[in-house]
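J.: If you scroll down you'll find the structure; I have some questions about it.
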Amino acid sequence: DSGAGKSTLSNSCVQILGVERVTDICLDDYHTYDRVGRTERHITALHPDCNHLDLIGQHMRLLRAGERVFKPVYDHSDGSFGPPEFISPRSVVLVHGLHGLFTPEIRRQWDVSVFLDPDPELRVEWKINRDTTKRGYARDEVLQQLEHRRHDSDAYIMPQRDAADIVIAFFPPDDYARTHDNTRLNVRIALRHPVPLPDLVEAVAAAERSNGGYLWLERGEGGQDVLEIGGAISDAATRAIENRMWDHMPAARHLRSARLGVFQDGGQERRSNPLAVTQLVLTYFLVKASALAVKEELLART
Numbered sequence: 507d508s509g510a511g512k513s514t515l516s517n518s519c520v521q522i523l524g525v526e527r528v529t530d531i532c533l534d535d536y537h538t539y540d541r542v543g544r545t546e547r548h549i550t551a552l553h554p555d556c557n558h559l560d561l562i563g564q565h566m567r568l569l570r571a572g573e574r575v576f577k578p579v580y581d582h583s584d585g586s587f588g589p590p591e592f593i594s595p596r597s598v599v600l601v602h603g604l605h606g607l608f609t610p611e612i613r614r615q616w617d618v619s620v621f622l623d624p625d626p627e628l629r630v631e632w633k634i635n636r637d638t639t640k641r642g643y644a645r646d647e648v649l650q651q652l653e654h655r656r657h658d659s660d661a662y663i664m665p666q667r668d669a670a671d672i673v674i675a676f677f678p679p680d681d682y683a684r685t686h687d688n689t690r691l692n693v694r695i696a697l698r699h700p701v702p703l704p705d706l707v708e709a710v711a712a713a714e715r716s717n718g719g720y721l722w723l724e725r726g727e728g729g730q731d732v733l734e735i736g737g738a739i740s741d742a743a744t745r746a747i748e749n750r751m752w753d754h755m756p757a758a759r760h761l762r763s764a765r766l767g768v769f770q771d772g773g774q775e776r777r778s779n780p781l782a783v784t785q786l787v788l789t790y791f792l793v794k795a796s797a798l799a800v801k802e803e804l805l806a807r808t
């Protein structure tokens, strides 16, 4: 949903994988109407009719085939459209937006799909902070917008969660109302991707030795795993998990970055261990899925 942290998480993935290797696309560019047009028509950006879904499917299919596309551009600073631009696919095409899993045609394009499902209290707080500092809205306008969008969110956005390979849910610890510390949020990651998460028994044990255990991995039935990361996980435990995960990505060790877990919080750069582990899990699936896609393409050619 809007304000769930899509841009924050995707931007960090771009930094980790390398700007030169990633084509980064925001699906807001495919809105049918600008901000004025949506207001006049009493329609929200979350409604399917307010987005060129067929064009999204067509462009993603072409990018997947290695073709260049002529893409619209939406300017969030004033809610208008800018000049369209040509976009070419690099090694990784990373796409984020409201309707990335809405139609079968769009869903077919992804090697890895992720749904962000933060605690509603967090999402509202994040959206208010973002829209008032970066998009020119007043707080009352954002609250009114949230209420106006509630139906469309429930009807069109949240059902897409069931189609995702990975569902990431940030949620506040017990003391969040007092601290409002976004560096120590808990994270629950549900994994349904056919590429399995590596064995983290040693990393979990290291986490328990380091600070009493702030990492839980549950191997579920039907191929779904759940990884839960406590907000208070220590630096030492985080390093143990990072080392274990990178051991499973020997061909991608050049991607290892000191920027893991770094994010902008109210204009200030901060670092979060739970976010670092979350980014590392995403990087793992991006790397493995990319390698798998290359192998499948080579097999298809031969």
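Using this note's numbering, read the sequence shown as starting at 507 and increasing by one per residue.
Every residue, glycine too, gets a C-beta built ideally from N, C-alpha and C.
Per the DSSP calculation, TYR580 is bridged to which residue(s)?
T.: DSSP lists PHE587 as partners of TYR580.
J.: Return the residue from the list ARG596, ARG641, HIS558 and ALA738 that minimises the CA-CA distance to PHE608.
T.: For the residues ARG596, ARG641, HIS558 and ALA738, the minimum Cα distance to PHE608 belongs to HIS558.
J.: Please list, in chain order, all residues of the same chain as HIS565 whose beta carbon is under 6 angstroms from its beta carbon, the five residues on each side excluded.
T.: If we look at HIS565 and ignore the five residues flanking it on each side, its Cβ neighbours are VAL575.
J.: With DSSP collapsed to three states, give me the class of ILE672.
T.: Note: ILE672 maps to strand in three-state DSSP.
J.: For GLY524, which residues from the same chain have a beta carbon less than 8 angstroms from its beta carbon, with the 5 sequence-adjacent residues on both sides left out?
T.: LEU761, listed in sequence order.
J.: Flag this pair as yes or no: are the beta carbons of GLU748 and LEU786 separated by less than 7 angstroms?
T.: It is a contact, given that the beta carbons lie within the stated cut-off.
J.: Between the beta-carbon of ASP617 and the beta-carbon of ALA738, is there less than 7 angstroms?
T.: Contact: no.
J.: In the DSSP assignment, what residue or residues form a beta bridge with THR545?
T.: Note: THR545 sits in no beta bridge, so no partner.
J.: In whole angstroms, what is the alpha-carbon distance linking LEU775 and ASN688?
T.: According to the sequence displayed, residue 775 carries Glu and not Leu. Distance between the alpha carbons of GLU775 and ASN688: 12 angstroms.
J.: Where are the alpha helix (DSSP H) runs, 4 residues long or more, that stay fully inside the stretch 597 to 654, in chain order?
T.: DSSP runs (the alpha helix (DSSP H)) wholly in the stretch 597 to 654: 610 to 613 and 626 to 640.
J.: Quick check: the Cα distance between HIS553 and ALA661, rounded to an integer number of angstroms?
T.: Going by the C-alpha atoms only, they are around 9 angstroms apart.
J.: Which full runs of the beta strand (DSSP E) of 3+ residues lie inside the stretch 546 to 576, going along the chain?
T.: DSSP runs (the beta strand (DSSP E)) wholly in the stretch 546 to 576: none.
J.: Where VAL732 and ALA742 are concerned, what is the direct C-alpha to C-alpha distance, given to the nearest angstrom?
T.: In a straight line, the C-alpha of VAL732 is about 22 angstroms away from that of ALA742.
J.: Short check: CB of LEU622 to CB of LYS512, under 7 angstroms?
T.: In contact: LEU622 and LYS512 (Cβ atoms closer than 7 angstroms).
J.: With respect to the alpha helix (DSSP H) encompassing ASP741, which residues constitute its N-terminal and C-terminal limits?
T.: Unbroken alpha helix (DSSP H) run through ASP741: 741 to 753.
J.: Is DSSP giving VAL800 helix, strand or coil here?
T.: VAL800 falls in the helix class under three-state DSSP.
J.: Is there contact here, the stretch 668 to 675 with the stretch 755 to 771, by at least three beta-carbon pairs under 8 angstroms?
T.: Contact fails: fewer than three Cβ-Cβ distances are below 8 angstroms.
J.: What residues are listed by DSSP as bridge partners for VAL809?
T.: Given that the chain is displayed from residue 507 to residue 808, the structure contains no residue 809 and the question cannot be resolved.
J.: Tell me whether the beta-carbon of ARG645 lies closer than 7 angstroms to the beta-carbon of ILE634.
T.: Result yes, Cβ atoms of ARG645 and ILE634 sit closer than 7 angstroms.
J.: With a Cβ-Cβ cutoff of 7 angstroms, do GLN521 and ARG765 count as a contact?
T.: Their beta carbons are under 7 angstroms apart, which means GLN521 touches ARG765 by this criterion.
J.: Go to VAL768, then tell me how far its beta strand (DSSP E) extends in each direction, as first and last residue.
T.: Start and end: 768 to 771.
J.: To the nearest angstrom, how far is it from the Cα of VAL701 to the Cα of THR529?
T.: Cα to Cα, VAL701 sits roughly 23 angstroms from THR529.
J.: Classify PHE592 as buried or exposed, calling it buried when 16 or more other Cβ atoms lie within 10 Å of its own Cβ.
T.: Classification of PHE592: exposed, given that the 10 Å Cβ count is below 16.
J.: For SER597 and GLY606, which I take to be in contact (beta-carbon distance under 8 angstroms), what is that distance rounded to the nearest angstrom?
T.: That belief does not hold up - the Cβ atoms of SER597 and GLY606 are roughly 20 angstroms apart, past 8 angstroms.
J.: Using the C-alpha atoms, what's the distance from ARG745 back to HIS548?
T.: Distance between the alpha carbons of HIS548 and ARG745 is about 49 angstroms.
J.: Short of 8 angstroms in beta carbon distance, which residues of its chain neighbour SER796, apart from the five on each side in sequence? Order them along the chain.
T.: Excluding positions up to five away in sequence, the list reads SER597, VAL598 and ASP617.
J.: What is the C-beta distance between CYS519 and LEU792, in whole angstroms, given that I count them as a contact (C-beta under 8 angstroms)?
T.: Contact flag correct, Cβ pair sits at about 7 angstroms.
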